[in-house]
Every structure is written in structure tokens, then in C-alpha cells.
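Report on the following structure.
Numbering (our numbering), first residue to last: 22 to 151.
In C-alpha cells, the structure reads:
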């Protein structure tokens, strides 16, 4: 099984990522863009090689990405929408979500990565970028 299929299986079936994303409290009563779509988009950013919200803004306009969410809008969500939605998250929900994956990643030997062929292994961690 390829690494991408293995990781996809881990996130979907073992880590139950969809169920965990659905546990976030959505502040909007009838939002045009659902919080679960915003969080899912953020989780997918590294798989698309996106490292910034501006890069996400560009990705969010591509038809292939919009199809993942069934979006008929011009984009899934803009960088400013993402930034605003992240401000609404409850801190304890975000912390629980992030830390819920560590045990699984350690069990599957995914908690450290080798960035270069001869480089040393680096530990995955949660950093506060504020």
C-alpha cells in the first residue's frame, strides 16, 4: 500500500477524522460555508503542498478542489474566511482535535519524519504560531 493510501486510511478509518471535525461547534446558524469544510480544507493543505493561507486561496479556486466539497461557489473559502473562522474555534476543541492524533501517529511510526535521505529524523509537534 502506498504511503498516501496508508495515510488516507489512517486519517479516515483509524483516526476517524471526519467524526472529529464534526465535533467542532459551528458559530453560524445557517452558514454559507460550513465550519467542517473549512477545517477539512486546513487539514488537507499539507497534502497539496500549501504552506500559507494565500496559497490556500489559490487552491480553493481550482475545480478539482471545489469538487471535493461540492462547492458551486467561485472558491471553497477565501483566506480571509479561513482566518475569521479560526478565530471562532473554541480553544479546548482545537486542542483536543490536535492531540487526538498523536497516539495513533506514534503507534504507526508516523510521529517523526526524515526530511532528507541522510538527515536525522524530526519529531512532529503541535506549535502555536500566534
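Even for Gly, the Cβ is constructed at its ideal location relative to N, Cα and C.
By the Cβ rule, the stretch 69-82 counts as touching the stretch 96-105, because three or more pairs are nearer than 8 Å. Here the stretch 124-137 does not lie against the stretch 50-61, with fewer than 3 beta-carbon pairs under 8 Å apart.
With a beta-carbon spacing of about 18 Å, residue 38 and residue 71 fall beyond the 8 Å limit used to define contacts. Apart from sequence neighbours up to five positions away, no residue of its chain approaches residue 40 with a beta-carbon distance below 7 Å. Rounded to whole angstroms, the Cβ separation of residue 45 and residue 110 is 7 Å, and the two are in contact under 8 Å. When 34, 86 and 53 are compared, the shortest CA-CA separation from residue 68 is found for 86.
Taking the Cα positions, residue 139 is about 51 Å away from residue 51.
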